[in-house]
Amino acid sequence: MELSLYHLLAILIALVFISKHLLQLHHSKPLAIPILGHLHLLRNPVHRSLAGIAAKHGHVLRLRFGSRPVLIVSSPSAAEECFTKNDIIFANRPRILPAKHFGYDSTSLVFRPFSPLWRAHRRFTSLHAMSPSRLSHGLSSELRLLIRGLYSGDREGFQKTEIRSWLFELTMNLVMGMITGKRYYAEEKRRLRKLLEEMFLLSGATSMEDFVPLARWLGSSSVRRRIETVGKEMDEFLQGLIEERRKLGNWKENDSSTIIIDIMLALQEKEPEDYSDIAIKGVILSLITGGTETSSGTMEWAMALLVNHPEAMKKVKDEIGEHVGHARLVMDSDISKLRYLNNVIKETLRLFPAGPLLVPHESSQDCTVAGLHVPKGTMLLVNAYAMQRDPELWEDPLEFKPERFDVESYGDDQGYKCIPFGSGRRRCPGETMAWKVMGLTLSALIQCFEWKRVGPELVDLTEGVGLSMPMATPLEVIYKPCPEMLAVLSQI
Numbered sequence: 040m041e042l043s044l045y046h047l048l049a050i051l052i053a054l055v056f057i058s059k060h061l062l063q064l065h066h067s068k069p070l071a072i073p074i075l076g077h078l079h080l081l082r083n084p085v086h087r088s089l090a091g092i093a094a095k096h097g098h099v100l101r102l103r104f105g106s107r108p109v110l111i112v113s114s115p116s117a118a119e120e121c122f123t124k125n126d127i128i129f130a131n132r133p134r135i136l137p138a139k140h141f142g143y144d145s146t147s148l149v150f151r152p153f154s155p156l157w158r159a160h161r162r163f164t165s166l167h168a169m170s171p172s173r174l175s176h177g178l179s180s181e182l183r184l185l186i187r188g189l190y191s192g193d194r195e196g197f198q199k200t201e202i203r204s205w206l207f208e209l210t211m212n213l214v215m216g217m218i219t220g221k222r223y224y225a226e227e228k229r230r231l232r233k234l235l236e237e238m239f240l241l242s243g244a245t246s247m248e249d250f251v252p253l254a255r256w257l258g259s260s261s262v263r264r265r266i267e268t269v270g271k272e273m274d275e276f277l278q279g280l281i282e283e284r285r286k287l288g289n290w291k292e293n294d295s296s297t298i299i300i301d302i303m304l305a306l307q308e309k310e311p312e313d314y315s316d317i318a319i320k321g322v323i324l325s326l327i328t329g330g331t332e333t334s335s336g337t338m339e340w341a342m343a344l345l346v347n348h349p350e351a352m353k354k355v356k357d358e359i360g361e362h363v364g365h366a367r368l369v370m371d372s373d374i375s376k377l378r379y380l381n382n383v384i385k386e387t388l389r390l391f392p393a394g395p396l397l398v399p400h401e402s403s404q405d406c407t408v409a410g411l412h413v414p415k416g417t418m419l420l421v422n423a424y425a426m427q428r429d430p431e432l433w434e435d436p437l438e439f440k441p442e443r444f445d446v447e448s449y450g451d452d453q454g455y456k457c458i459p460f461g462s463g464r465r466r467c468p469g470e471t472m473a474w475k476v477m478g479l480t481l482s483a484l485i486q487c488f489e490w491k492r493v494g495p496e497l498v499d500l501t502e503g504v505g506l507s508m509p510m511a512t513p514l515e516v517i518y519k520p521c522p523e524m525l526a527v528l529s530q531i
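Residue 457 in the working numbering sits at position 418 of the sequence shown, and the numbers go up by one each step.
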């Protein structure tokens, strides 16, 4: 019996609804349990856990962490959709414990919702904190102090050092110099480093209270108590910086040599609501967290990879010798010529991004991503780590191959395969600064010294816990001055 046109139309409509239902089932395949939702699937480190779930169930997944809807994106095309078509919708941040206690109740630059005031504070950091003249002067000074410190020991034989402390001190004093106009030593340095390490560790921890409202009624968790304590200590430290500068007075808003706190205090007199003490502390903390541990951690990973691959180290050294020589210290203007070095940094960021899950976003209204309906209030987690190690996107994804970037794309303008700094309106504002710091510091270290592993065994590349994915074990290496650079080193 022939089917009528109406019967055919009814069958087609039914098939469309069935296929949509099956598609949504495919994207919601992991088993959820009451109250916890999909939280029971998570293991540390979370970015690896989510990468495993994505490999099994799909690169775009709607999950539920407790009562909070979550969209997990491990696909370049879906990430592009989030940060282009839906960029404004995903320009907000979720309200979580770190945002409350480290982000001044979601009012800091990192955690503040997308708004005119957020744009004003973002412009401020771009204009003042990231200004080329301010950065170049501070970086040149700190880099010379680093080289001088390393050169002050045995000037002939190899000596052992733990490089994390050197790199963190450089980035910390660079950022704090721009913010406060002074360097930090001894107890002040130890205090700030301890606070930052605690903040990054706790920001990467999963708190049940962020996802299960019932947990808040069962008493304060150990994670919450630690976050509150560290947040209070950091607030006291930052308020002390403001009071120290406030007592000195004589602030100037437009002088390029004026330190950042003074500029904000001058703005506070004209715009007290937009530049309250809380707003100033939020901007300062965003600059400190964005400019210290992330850059120093990436440089530590790069040095670990290079000592594990001495042939790559030699290529960098030969490239510096060809384009810079040995009669002077490498300069900022040289970095663009060092193509292989820049490939090394890109490959390091691909393998070990400082923010493997990027900073969480939240949808301000309903939208669609990869054909899935995403309701308002959904937390977006973009797993850069998973995309940047996906065997469907990269040849030999777990291998360190800097030369791949001679032909591979990098960044959001080339396919979103590698976006360690994020994308869209909430892209990391310190990306340009990070590239300059990492490029100049690594090139100077490799130009001035020979670096090797402590023993024949490869350096352990196990990832530690925390928001910035540090090395689990601080990198120890042996080094000695390069003979051809002794004349330059003696003048630094």
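Note that CB positions come from ideal geometry on N, CA and C, so glycine has one too.
These numbers were taken from a predicted model, which means no experiment stands behind them.
Given Gly394 as reference, the closest of Ser372, Gln404, Glu401, Leu420 once Cα atoms are compared
Leu420
Does the separation of the CB atoms of Gly416 and Gly142 fall below 8 angstroms?
no
Val545 versus Ala526 - alpha carbon distance
In the structure as shown, the chain starts at 40 and stops at 531, and residue 545 therefore has no counterpart that could be examined.
State the DSSP-derived secondary structure class of Val112, mapped to helix, strand or coil.
strand
Locate the alpha helix (DSSP H) running through Cys487, then write down its first and last residues.
470-487
Option nearest Ser114 by Cα separation, candidates Lys309, Asn125, Ala93, Lys124:
Ala93
Does DSSP classify Glu442 as helix, strand or coil?
helix
Rounded to whole angstroms, what's the CA-CA distance from Arg264 to Gly196? Just pull it up for me.
48 angstroms
Beta-carbon within less than 8 angstroms of Ala71's beta-carbon, same chain only, minus the 5 sequence neighbours each way: which residues are those?
His77, Leu102, Arg103
Look up Glu201 in the DSSP assignment and give the residues it is bridged to.
Glu515
Sequence ranges, alpha helix (DSSP H) only - wholly within the segment 339-383, length at least 4
349-362
Tell me whether Cys406 sits in a helix, a strand or coil according to DSSP, three-state version.
strand
For the candidate residues Arg464, Ser204, Leu209, Ala511, whose alpha-carbon lies nearest to that of Arg22?
This structure cannot speak to residue 22, because the chain is shown only from 40 to 531.
Rounded separation between Gly243 and Glu237 - CA only
10 angstroms
Which residues does DSSP pair with Glu502 in a beta bridge?
Met510
What does the Cβ neighbour count give for Val446, buried or exposed, with the cut at 16 atoms within 10 Å?
exposed
May I have the straight-line CA-CA distance separating Glu523 from Ala343, to the nearest angstrom?
24 angstroms
Could you tell me the boundaries of the beta strand (DSSP E) in which His96 lies?
Taken as a continuous stretch (DSSP letters only), His96 belongs to no beta strand (DSSP E), being part of the alpha helix (DSSP H) at 85-96.
Can you give me the start and stop residues for the beta strand (DSSP E) that Leu100 sits inside?
99-104
Taking the alpha-carbon positions, what's the Ser536 to Ser325 distance?
With the chain covering only 40 through 531, there is no way to say anything about residue 536.
With DSSP as the reference, label Leu78 as helix, strand or coil.
helix
Arg230 burial status per 10 Å Cβ neighbour count (16 or more: buried):
exposed
Below 8 angstroms CB to CB, which residues in the same chain sit around Thr331 once its five sequence neighbours on both sides are set aside?
Phe207, Thr210, Met211, Val214, Leu235
Figure out for me which residue from Arg107, His98, Gly91 has the closest Cα to the Cα of Ser402.
Arg107
Backbone CA spacing between Glu496 and Pro349 [nearest angstrom]
13 angstroms
So what does DSSP say about Met169, is it helix, strand or coil?
coil
In the DSSP assignment, the alpha helix (DSSP H) including Leu240 goes from what residue to what residue?
225-242
With the cut-off set at 8 angstroms, would you say Phe129 and His365 are in Cβ contact?
no
Is Glu275 helix, strand or coil when you go by DSSP?
helix
For Ile72, which of helix, strand or coil comes out of DSSP?
strand
Three-state class that DSSP yields for Pro152 in the structure shown:
coil
If you draw a straight line from the alpha carbon of Pro468 to that of Glu282, how long is it in whole angstroms?
27 angstroms
Kindly indicate the opening and closing residues of the beta strand (DSSP E) around Met418.
418-421
Candidates Met418, Leu481, Phe250, Cys521: closest to Leu110 by CA position:
Met418
Pair within 8 angstroms by beta-carbon distance, Ile485 and Leu368
no
Reference Ile323; option with closest CA among Glu515, Leu75, Ser147
Ser147
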